[in-house]
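K.L.:
Please find one structure pasted underneath; my questions will follow.
Residue numbers (my numbering): 2 to 196.
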C-alpha cells in the first residue's frame, strides 16, 4: 500500500511504498482533499515513477510545487497524447523538462521575447510525427491557457518528444548527429576564428 508523503496537486502526489521507496504517482483526482500520511487508492493510480536520486526529487518539487495547476494539467495532457501517437512511454524527466520549457515559453511570450530554434527545419523534416505533436501542443496552449505561442515553439516542443522516447528514437542516430554537429562547429570556429 502506498502512503502519501506530499500532495503536489489534485493529480500528482509523492508517496512511499512499504519499503520506504519514494515514488511520484499520477492519476485523476489522486491528491484531491488528501494529506500527508493518507493511503492511496490503487484504482486511481495511472502512472508511477520511482525517484532515482535527490536531484530528481529537487526538480520534481520545484516543478510540481511552483507551477500553476493549468500548466501542469496541460503538460500531462500533451504527454498522454504523445504517448498514444508515438506508441511509446516517457520517463519522468519529460514531465520536468516539458513543464519547465512550456512555463518559460509562456513567460517569454508575455514579455514579447521570441527565440529561434536553429534546428527547426531538420526537426520538421526528420521527425514529422513529433513536429505534428508540437503543432497540436500550440493549439492546446491556445485552447486551454488562452495564450498564443510562436509557431517556432512547435519544433522545440517536438524535440522534447524525440529526446524522451524510452525506445531510443534517437539512439545511435543522436550520437552520430551530435558528432557531426560538433565537427561542423569546429570547422566554423577554425575558419572564422571565433566560437
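C-beta: ideal position from N, C-alpha, C; glycine also.
Label residue 48 either buried or exposed according to how many other C-beta atoms from any shown protein chain fall within 10 Å of its C-beta, with 16 as the threshold for buried.
P.N.:
By the 10 Å Cβ count, residue 48 comes out buried.
K.L.:
So, with DSSP's three-state summary, where would you put residue 40?
P.N.:
Residue 40: strand per DSSP, three-state reduction.
K.L.:
With a cut-off of 8 Å, do at least 3 Cβ pairs link the segment 151-169 to the segment 117-137?
P.N.:
Flag = yes, the segment 151-169 and the segment 117-137 touch.
K.L.:
So the beta strand (DSSP E) residue 10 belongs to, where does it begin and stop?
P.N.:
Here the beta strand (DSSP E) through residue 10 covers 4-10.
K.L.:
Could you give the distance in angstroms between the alpha-carbon of residue 59 and the alpha-carbon of residue 111?
P.N.:
The straight-line gap from Cα to Cα measures roughly 27 Å.
K.L.:
If you reduce the DSSP assignment to three classes, tell me which class residue 166 lands in.
P.N.:
It is a strand residue.
K.L.:
Thinking C-beta only, is residue 89 closer than 7 Å to residue 166?
P.N.:
A contact, by the Cβ cut-off of 7 Å.
K.L.:
Which stretch, first to last residue, makes up the alpha helix (DSSP H) that contains residue 48?
P.N.:
Run containing residue 48: none in the alpha helix (DSSP H); it sits in the beta strand (DSSP E), 48-51.
K.L.:
Can you tell me which of 87, 50 and 147 puts its alpha carbon nearest to the alpha carbon of residue 71?
P.N.:
The residue with the shortest Cα to Cα distance from residue 71 is 147.
K.L.:
With a threshold of 16 other CB atoms inside 10 Å of the CB of residue 105, please say whether the residue is buried or exposed.
P.N.:
Classification for residue 105: exposed.
K.L.:
Three-state secondary structure (DSSP) at residue 171?
P.N.:
With a pLDDT of only 49 at residue 171, under the threshold of 50, the placement of this residue in the model should not be trusted; the figure read from the coordinates follows. Three-state DSSP puts residue 171 in coil, outside helix and strand.
K.L.:
Going by the CB atoms, is the gap between residue 30 and residue 11 shorter than 7 Å?
P.N.:
Yes, these two residues count as a Cβ contact at 7 Å.
K.L.:
Do residue 64 and residue 97 count as a contact pair if the criterion is CB distance below 7 Å?
P.N.:
The answer is yes: Cβ separation under 7 Å.
K.L.:
For the segment 100-165, list the beta strand (DSSP E) runs that are entirely contained and at least 3 residues long, ordered along the chain.
P.N.:
You should have found no qualifying run.
K.L.:
Which value, in whole angstroms, describes the spacing of the CA atoms of residue 40 and residue 14?
P.N.:
The alpha-carbon atoms of residue 40 and residue 14 are separated by roughly 11 Å.
K.L.:
When you compare only the Cα positions, how much space is there between residue 82 and residue 195?
P.N.:
Answer to the nearest angstrom: the Cα atoms are 43 Å apart.
K.L.:
Here's a check: name, in chain order, each residue in its chain whose Cβ is nearer than 7 Å to the Cβ of residue 128, leaving out the five neighbours to either side.
P.N.:
Here the set comprises 159 and 163.
K.L.:
Which residue wins for smallest C-alpha separation from residue 114, given the options 141, 101 and 150?
P.N.:
Looking at the Cα atoms, 150 is the closest of the given residues.
K.L.:
When DSSP builds the beta bridges, which residues end up paired with residue 16?
P.N.:
Answer is 5 and 24, bridged to residue 16.
K.L.:
Please identify the residue among 57, 33 and 4 whose C-alpha is closest to the C-alpha of residue 20.
P.N.:
Of the listed residues, the one whose Cα sits closest to residue 20 is 4.
K.L.:
Quick one: residues in its chain with C-beta nearer than 6 Å to the C-beta of residue 152, no 5 flanking neighbours on either side, listed in chain order?
P.N.:
So the list is empty, once near-sequence residues are dropped.
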